[in-house]
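Right, one structure below, let's go through it.
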Amino acid sequence: MTTPLRVAVIADYAEEGWPSMDLVADMLMSHIEREHGRRIAARLVRPRMPRRLTRVAALATRRRIRGFDRVAARHWDYPRVVAPLANAFDVYHIVDHSYAHLVHVLPASRTIVTCHDVDAFRSVLEPREERRSAPYRWMTRRILSGLGRAARVACDSEATRRALIALAHLPEERLTVIPNGADTGGQPDADAAADVEAARLLGPRRVPELLHVGSTIERKRIDLLLDVFAAVRRNRPDVRLTRVGGPFTADQRVRARERGVTDAIVVLPFVDRATLAAVYRRSAVALLPSEREGFGLPLIEALACGTPVVASDIPVLREVGGAAATYCAVGDRDTWAETILRLLGERETDAGAWRARRDAGIARAQVFSWSRYTASVVDLYEHVAGRRASTPAREAVTS
Numbered sequence: 034m035t036t037p038l039r040v041a042v043i044a045d046y047a048e049e050g051w052p053s054m055d056l057v058a059d060m061l062m063s064h065i066e067r068e069h070g071r072r073i074a075a076r077l078v079r080p081r082m083p084r085r086l087t088r089v090a091a092l093a094t095r096r097r098i099r100g101f102d103r104v105a106a107r108h109w110d111y112p113r114v115v116a117p118l119a120n121a122f123d124v125y126h127i128v129d130h131s132y133a134h135l136v137h138v139l140p141a142s143r144t145i146v147t148c149h150d151v152d153a154f155r156s157v158l159e160p161r162e163e164r165r166s167a168p169y170r171w172m173t174r175r176i177l178s179g180l181g182r183a184a185r186v187a188c189d190s191e192a193t194r195r196a197l198i199a200l201a202h203l204p205e206e207r208l209t210v211i212p213n214g215a216d217t218g219g220q221p222d223a224d225a226a227a228d229v230e231a232a233r234l235l236g237p238r239r240v241p242e243l244l245h246v247g248s249t250i251e252r253k254r255i256d257l258l259l260d261v262f263a264a265v266r267r268n269r270p271d272v273r274l275t276r277v278g279g280p281f282t283a284d285q286r287v288r289a290r291e292r293g294v295t296d297a298i299v300v301l302p303f304v305d306r307a308t309l310a311a312v313y314r315r316s317a318v319a320l321l322p323s324e325r326e327g328f329g330l331p332l333i334e335a336l337a338c339g340t341p342v343v344a345s346d347i348p349v350l351r352e353v354g355g356a357a358a359t360y361c362a363v364g365d366r367d368t369w370a371e372t373i374l375r376l377l378g379e380r381e382t383d384a385g386a387w388r389a390r391r392d393a394g395i396a397r398a399q400v401f402s403w404s405r406y407t408a409s410v411v412d413l414y415e416h417v418a419g420r421r422a423s424t425p426a427r428e429a430v431t432s
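Numbering (this note's numbering), first residue to last: 34 to 432.
Right under this line is the structure:
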């Protein structure tokens with residue numbers, strides 16, 4: 034009997050609060066244990082993030098102080114956690130490319146990094162597009178060089194794979210496409226407890242609700258989201274917007290106030306998976322106006338819950354959503370507003386077309402499963418460990 038491969042799954046600090054990165058690590062561990070336990074002995078590496086300056090209450094809320102603690106933890110403390118593990122496992126899997134500097138203290142020939150997008154590397158790969166300080170660029174180069182040393186890089190999408198080849202000049206033969214799965218708890222089926230919690234957070238469902246899920250960083254184009262919502266409200270003053278992912282920035286709050294939509298927006302923090310599924314289910318349309326994405330989890334999660342999506346017309350979102358989503362050019366406020374109004378009209382006047390749209394989305398989401406993702410990752414582990422002769426350069430996704 035073959036001894037199970039010993040694999041270290043190296044996750045982000047939970048304290049950093051990146052729900053999508055935490056989800057990937059948690060789903061991977063869960064499915065390895067349930068479906069591949071005889072082949073893989075996996076251990077989750079997720080230490081507590083040391084707090085230095087943020088231990089002082091008066092400093093804890095300051096952005097620069099939080100940033101200092103985060104950088105120190107990532108680049109000083111975490112390498113010292115994983116370095117002693119260098120001989121303890123057969124394979125190492127860093128699940129977030131922005132932690133790829135850890136490759137420098139691990140056996141590179143047995144280390145895999147999952148790359149979700151190239152955004153973290155823009156200050157080095159596209160310096161004219163993103164200007165950063167010299168220390169920031171130094172850290173970025175170290176992370177990127179770690180990515181370049183890894184035995185294999187697993188990309189969420191073909192778009193990310195192409196970007197790594199074109200911009201970072203990584204060799205094609207070391208890049209593998211393994212799409213994420215979709216998991217939002219109940220999916221399109223009702224979940225009484227989660228639905229009650231969503232109603233507690235959002236109130237009774239009396240009007241059409243638009244939904245945005247994600248952070249408020251610049252590439253998410255919250256400015257466009259607010260402008261489009263204001264344009265929709267001029268025609269449909271009954272519509273409101275739910276945003277899941279924490280508060281707006283100060284500039285975004287000002288923009289919402291100037292557009293006169295503040296009172297029509299409900300902002301929630303990131304919520305548990307079942308509650309998120311309930312929020313998706315009760316929403317009329319989900320919006321993803323990002324100008325850059327590595328995969329676009331909210332797109333496939335919304336479709337999985339039977340919620341139609343309007344997304345930016347960028348290659349990666351086309352790759353993930355296929356024909357099941359509706360696309361608008363990035364930044365084209367008027368087209369976005371017209372498209373949303375058309376979909377709201379269809380929802381209210383053409384039950385058959387709306388049902389077909391929802392069914393197409395659910396069918397598309399079924400292409401993406403965490404079981405399929407994990408099986409492909411396990412094959413990659415065995416390839417890197419020398420137990421599998423070859424592994425596909427990319428996993429096909431049906432358009």
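Glycine included, C-beta positions come from ideal geometry on N, C-alpha and C.
Query: Nearest-angstrom Cα separation, counted from V186 out to T14; Result: Outside the shown range of the chain (34 to 432) lies residue 14, about which nothing can therefore be said.
Query: A44 to A192 span [Cα, whole Å]; Result: 23 Å
Query: Span separating the alpha-carbon of G247 from that of R155; Result: 20 Å
Query: Straight-line Cα distance separating V115 from L320; Result: 39 Å
Query: Same chain only: Cβ atoms within 7 Å of D110, ignoring 5 sequence neighbours per side; Result: P83
Query: Cutoff 8 Å; reference D224; Cβ partners in own chain excluding five residues on either side; Result: G218, A307, A310, A311
Query: Cβ contact (3+ pairs, closer than 8 Å) linking the segment 407 to 419 and the segment 205 to 212; Result: yes
Query: Alpha-carbon spacing of L135 relative to Y169, whole angstroms; Result: 17 Å
Query: Burial state of V57, where buried means 16 or more other Cβ atoms lie within 10 Å; Result: buried
Query: Residue nearest to C148 in terms of C-alpha spacing, selected from V240, L376, A201, F303; Result: A201
Query: Segment contact flag, the segment 46 to 54 with the segment 376 to 396, C-beta cutoff 8 Å, min 3 pairs; Result: no
Query: Of the listed residues H130, R165, V299, D189, nearest to A21 (C-alpha basis); Result: Since the first residue of the chain shown is 34 and the last is 432, residue 21 is not available in this structure.
Query: Spatially closest choice to L197 from E334, E159, I73, L257, by CA coordinates; Result: E159
Query: Secondary structure of S345, DSSP reduced to three states; Result: strand
Query: Where H69 falls: helix, strand or coil (DSSP); Result: coil
Query: Pick from E324, R366, E371, R174 that is closest to L350, judged by C-alpha positions; Result: E324
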